[in-house]
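Residue numbers (this note's numbering), protein chains in the order written: chain Y, 1 to 413; chain L, 1 to 413.
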């Protein structure tokens, strides 16, 4: 057995112990949250090692900021664990059922998935967030974070594990992969014997590598090439404010927009206003030829730009002559995350919501609301852009499966 | 573009046309059912070509029977299509929703998955069954049947396609892969750009090949290594009748049992009775050493037998000293399909249903009830033995995804 296989077997064993727990899980998360706060000095010390190495390696300021932990951030991590602790247990819910005509009583009950692998990049807070969600849903978890955050992830995992086991959760209910090489990620992707689900959290490169290489079932999260379509019947003020919000309120997140598509009949009136607003945040506009004719001093859009999740103060702009053309553009280039139409036409609103095949389709709203909390689903492990099992914000209930329990009195068929 | 890629692109285009259809789908299935009956002579003629080739190639009688079509079987295929036609449309259902505190109205609506691939073996009736379910759920489908049934599948697909297109469904809503080589299956498994789901239907060899090789999301169906555990507190008459039913009423199906586990305290009283009953159907018993001590004239069970889905009049028998040992045996060897406990102990019934992690867990009932119709779910495309998306009988609703439609009035975040 390789080390990863050993971890898989240990996770499967832990999952069996977690399967039937109830209030113990809540207690465990509370204890772990307290332990994080109590050990913040140790966490900051280990995080410093990662920070020093990253600085030496020339990591960008933005990435350094993602990696950095301080008292406040550790308190936030603990608070997030408490929030998950207090959510309704997603396991053991009776999802449906009936007494069949032959007298068999069939119940559909939610159960944990089993063992979950998470492959993620530099933010060490994912360690506690993912562990909390997996444990609350009764799953064992194997965490495989990035090399640059190894010391931080190591100390956080050790603190969580001690706290969990201290209140009676099974050994190895949370484990961290020591080996941060590509090889360990690949092994995890092929661990079909033990893992029930693999969730990659990070940039498009990571997601695609996992999607390509995984034999374990994967849920893709977080790739958001999102669009706003300004219809010919749009309110221009509303369009301007929504675009400004969806692009600039937090450009680095997956529900921010990357492209504005605008109807030619409204483009001349709307585009200069939109651009003026975006100039407040120095947003770089990559415009197609017709849009550039209306708002000069922009960068010409290349074919690649339509596919790109900029995650930055950059916005692609395209003019279309019909809503159908807008829908086609989205079908071709979108990652299926979130799209919005701005319109006062009921007909066009319906056409857009019916024909755009993305996880979240908005009418007259910013795409920034695609979020577990905003949707009332509680804490989320990511936004799924695939169609099976979970689509859109993925909360605790999506970390469960179900089984049927059937009670008879000697029934035969 | 390869031929398979062309078919994928065509399926994606057809899926866009199917997405918003309603009653048209019902009409299309009715028209196709009629067309199957009207063209039964042509179907039987093409089926004869497959049968002749199969006989010449020395196919077994059992497999020849699976391949064979006659008037009655074609009528059954048509009737199955009508049954699917008359089910409630699984698309466009409002699955939930709420008005959020900020006034955003969020609706969760069921939508088609898109394009589905089905890889299957010799039974040509899968062609019409799978097409009916996929189309009713608004999906385009690419069928890739086995070489031995090619002529039958070809003529059936052509008849369905003509009928579908005749009532206005999009071209290529159902397509059959002409190339029945392994290469075409492999290409289909990697068609991530176009396919939303791949369902293998057939034996364990096919399922495993698809599971190993697929990059497209897969739902495994139909591998059933099912168990009955006879608890120390079982009613022996009930145990005998349930085992006889679960093993012999239809040994070739996935919800038939392969292993009986029996508590040592009841084994001496129960096993001879059970064996006597099974002798009526000449069931071969592969017993562990202790069971063989009670019921001689059995074959010794090998380690491999515990893993095997015999799909035949063969039953493995094992004696255990506790319910925990039975649960462990199932955890190790089961395919996660259906398991039953026979007991009058409420404590043990609860322990079994809580700790056995299979799609369907029975108390005092035959496992043979794991079936879409028996569960009240309607026609099924298979029994899923995996945990994501669909687990257990997979009906029309599992051939859909969902999206969120969010309506605002200029909402920004």
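In this text, a Cβ means the ideal position worked out from N, Cα and C, and glycines have one as well.
As assigned by DSSP and simplified to three states, the class of residue i
i	result
residue 202 (chain L)	coil
residue 301 (chain Y)	coil
residue 380 (chain L)	strand
residue 400 (chain L)	strand
residue 412 (chain Y)	coil
residue 414 (chain Y)	No answer is possible for residue 414 (chain Y): it lies beyond the span of chain Y, which begins at 1 and ends at 413.
residue 115 (chain L)	strand
residue 329 (chain L)	helix
residue 394 (chain Y)	strand
residue 24 (chain Y)	helix
residue 35 (chain Y)	helix
residue 120 (chain L)	strand
residue 356 (chain L)	coil
residue 137 (chain L)	coil
residue 335 (chain Y)	coil
residue 388 (chain Y)	coil
residue 174 (chain L)	strand
residue 169 (chain L)	coil
residue 143 (chain Y)	strand
Residues near residue i in its chain [Cβ-Cβ closer than 6 Å; skip 5 each side]
i	result
residue 115 (chain L)	11, 12, 15, 140, 194, 195, 196
residue 175 (chain Y)	7, 142
residue 225 (chain L)	258, 309, 334, 335
residue 103 (chain L)	none
residue 118 (chain L)	130, 143, 199
residue 5 (chain L)	none
residue 132 (chain L)	29, 81, 84
residue 348 (chain Y)	231, 323
Span of the alpha helix (DSSP H), counted from its first residue to its last, around residue i
i	result
residue 51 (chain L)	40–56
residue 8 (chain Y)	3–18
residue 79 (chain Y)	71–86
residue 162 (chain L)	150–166
residue 61 (chain Y)	61–67
Same chain, Cβ closer than 8 Å to residue i, neighbours up to 5 away in sequence not counted
i	result
residue 371 (chain Y)	255, 380, 383, 393
residue 9 (chain L)	1, 194
residue 180 (chain L)	144, 145, 146, 147, 150
residue 54 (chain L)	63, 64, 67, 148
residue 165 (chain L)	171, 173
Delimiting residues of the beta strand (DSSP E) encompassing residue i
i	result
residue 108 (chain Y)	105–112
residue 98 (chain Y)	94–99
residue 318 (chain L)	314–320
Contact set for residue i: own chain, Cβ-Cβ below 7 Å, skip 5 residues either direction
i	result
residue 263 (chain L)	230, 231, 232, 320
residue 63 (chain Y)	122
residue 351 (chain Y)	323
residue 306 (chain Y)	259, 316, 333
residue 417 (chain L)	Past the edges of chain L, shown from 1 to 413, lies residue 417 (chain L), and the structure says nothing about it.
residue 44 (chain L)	69, 70
Distance cut-off 7 Å: residue i Cβ against heavy atoms of the ligand NAD
i	result
residue 279 (chain Y)	This structure lacks the ligand NAD; in fact it carries no ligand of any kind.
- Considering only residues of the region 178–259 of chain L, which uninterrupted beta strand (DSSP E) runs meet the minimum length of 3 residues and lie entirely inside it, listed in chain order? 197–201, 226–230
- Message: With three or more beta-carbon pairs closer than 8 Å as the criterion, would you say the region 220–232 of chain Y touches the region 328–347 of chain Y?
- Response: yes
- Message: I want to know whether the region 235–251 of chain L touches the region 206–219 of chain L - three or more CB-CB distances under 8 Å.
- Response: no
- Per the contact definition of three or more C-beta pairs closer than 8 Å, is the region 376–389 of chain L in contact with the region 181–188 of chain Y? no
- Query: Where are the alpha helix (DSSP H) runs, 4 residues long or more, that stay fully inside the region 270–296 of chain Y, in chain order?
  - Reply: 289–294
- Does the pairing of the region 79–94 of chain Y with the region 20–37 of chain Y give three or more beta-carbon distances under 8 Å? yes
- Query: Do the region 100–109 of chain Y and the region 400–412 of chain Y touch if we need at least three Cβ pairs shorter than 8 Å?
  - Reply: yes
- Item | Cβ pair count under 8 Å reaching 3, the region 312–319 of chain L against the region 354–372 of chain L | no
- How about the region 17–24 of chain Y and the region 146–160 of chain Y: do they share at least three Cβ pairs that are nearer than 8 Å? no
- Message: With three or more beta-carbon pairs closer than 8 Å as the criterion, would you say the region 93–101 of chain Y touches the region 156–166 of chain Y?
- Response: no
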